[in-house]
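Here the structure is laid out as structure tokens; the discussion comes afterwards.
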Ligand SMILES: NC(=O)c1ccc[n+]([C@@H]2O[C@H](COP(=O)([O-])OP(=O)(O)OC[C@H]3O[C@@H](n4cnc5c(N)ncnc54)[C@H](OP(=O)(O)O)[C@@H]3O)[C@@H](O)[C@H]2O)c1
């Protein structure tokens with residue numbers, strides 16, 4: 075069967091950074107498995123990518139969806155004589171709240187499910203496939219707010235801080251195993267990127283009267299945000315070309331990677 079022999083799975087591939095990353099990886103000759111809840115969005119992103127894209131809709135927080143994604147992927151890659159070498163945990167959520175008192179523990183738990191528990195569980199599920207495709211790489215997506223608290227950003231910031239810690243733990247545990255087939259793992263921090271998710275965050279933060287909403291809106295107005303395409307090029311370049319010693323266990327900042335684009 076023709077088509078790419080090396081594939082990447084990207085969560086949250088139906089919009090924003092994930093959609094642009096899917097296109098960037100296909101340009102590099104890598105097939106892309108698009109995961110997200112809204113199947114129609116995934117199909118729209120996949121259409122121009124042709125046979126280099128595979129749409130597997132699902133909610134990454136649901137164990138049955140993760141099992142189905144893994145089982146279908148196994149069959150589909152086998153049929154294509156291809157391997158899964160890359161996983162990008164790009165799906166992320168984190169609603170702002172008006173203040174500490176209104177920071178809803180259930181919403182925080184939901185953010186942990188998407189930003190921390192699902193990346194751990196999905197990586198575990200896909201690990202046998204990644205080992206077969208060694209040298210494999212896993213990229214988690216962090217957020218600057220994890221290290222720079224702003225009023226009302228606890229749900230997003232605390233859960234993304236845990237995403238960063240998850241990356242360090244995975245790198246540590248894989249190193250401890252001393253198994254050369256374990257994937258290299260890194261975290262990417264995108265900076266400000268103009269996406270539907272960012273616009274939704276600014277609107278929600280503004281409705282809560284949070285000071286960072288006006289700051290973000292001002293930066294968007296000034297054209298300070300990056301495009302999803304530029305961000306995606308940085309991410310795919312880091313995944314495909316950064317030497318493993320500069321990737322594994324690292325928190326990669328978008329501005330540090332910009333020189334990679336020449
Ligand atoms: N834009 C920025 O300035 C910025 C800055 C720092 C970090 N980030 C991070 O970058 C990543 C991408 O963000 P973005 O700006 O491109 O926002 P976005 O357009 O809102 O993308 C988030 C994606 O995650 C998917 N998703 C959410 N929950 C899911 C679930 N349970 N299962 C499967 N997919 C799920 C959404 O698709 P469905 O709703 O269809 O499931 C959506 O496509 C996020 O992790 C975000 O935190 C963005």
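In my numbering, the protein residues as written are 75 to 336.
For every residue, glycine included, the Cβ atom is placed at its ideal position computed from N, Cα and C.
Got a sec? Which residues, its chain only, sit under 7 Å from residue i by beta carbon, not counting five neighbours each side?
| i | result |
| --- | --- |
| residue 229 | 168, 169, 171, 177, 181, 182 and 185 |
| residue 143 | 109, 130 and 132 |
| residue 293 | 266 and 299 |
| residue 194 | 240 |
| residue 173 | 226 |
With a threshold of 8 Å on Cβ separation, who are the neighbours of residue i within its own chain once the five nearest residues in sequence on each side are excluded?
| i | result |
| --- | --- |
| residue 300 | 264, 265, 266, 267, 268 and 328 |
| residue 311 | 331, 334 and 335 |
| residue 291 | 276 and 280 |
| residue 102 | 310 and 314 |
| residue 122 | 97 |
Should residue i be listed as close to ligand 1, given that the test is whether its C-beta is under 7 Å from any heavy atom?
| i | result |
| --- | --- |
| residue 165 | yes |
| residue 298 | no |
| residue 329 | no |
| residue 292 | no |
| residue 133 | yes |
| residue 286 | no |
| residue 222 | no |
| residue 36 | Beyond the ends of the chain as shown, which are 75 and 336, falls residue 36; an answer cannot be given. |
| residue 147 | no |
| residue 109 | yes |
| residue 89 | yes |
| residue 279 | no |
| residue 239 | no |
| residue 272 | yes |
| residue 115 | yes |
| residue 140 | no |
| residue 188 | yes |
| residue 264 | yes |
| residue 112 | yes |
| residue 77 | no |
| residue 318 | no |
| residue 92 | yes |
| residue 183 | no |
| residue 86 | yes |
| residue 199 | no |
| residue 215 | yes |
Residues in its own chain within less than 6 Å of residue i by CB, not counting five upstream and five downstream?
| i | result |
| --- | --- |
| residue 156 | 79 and 81 |
| residue 187 | 135 |
| residue 305 | 91, 264 and 267 |
| residue 203 | 158 |
| residue 217 | 234 |
| residue 95 | 84, 306 and 309 |
| residue 321 | 258 and 260 |
| residue 99 | 82, 106 and 310 |
| residue 323 | 245 |
In the DSSP assignment, find the unbroken alpha helix (DSSP H) run with residue i in it and report its ends.
| i | result |
| --- | --- |
| residue 328 | 328 to 331 |
| residue 324 | Premise fails: residue 324 is in no alpha helix (DSSP H) and is neither H nor E. |
| residue 149 | 137 to 154 |
Could you tell me the boundaries of the beta strand (DSSP E) in which residue i lies?
| i | result |
| --- | --- |
| residue 160 | 157 to 163 |
| residue 84 | 80 to 85 |
| residue 128 | 127 to 129 |
Determine, using beta carbons only, whether residue i comes closer than 8 Å to chain C.
| i | result |
| --- | --- |
| residue 255 | This model lacks chain C altogether; it includes just one protein chain. |
Pick out the complete alpha helix (DSSP H) segments inside the stretch 183 to 255, 4 residues or longer, and give them in chain order. Listed in chain order, the complete alpha helix (DSSP H) runs (minimum 4 residues) inside the stretch 183 to 255 are 192 to 206 and 228 to 251.
Minimum length 4: unbroken alpha helix (DSSP H) runs contained in the stretch 256 to 311: 270 to 281 and 285 to 295
Beta strand (DSSP E) runs wholly inside the stretch 90 to 118, at least 3 long, in chain order: 105 to 109
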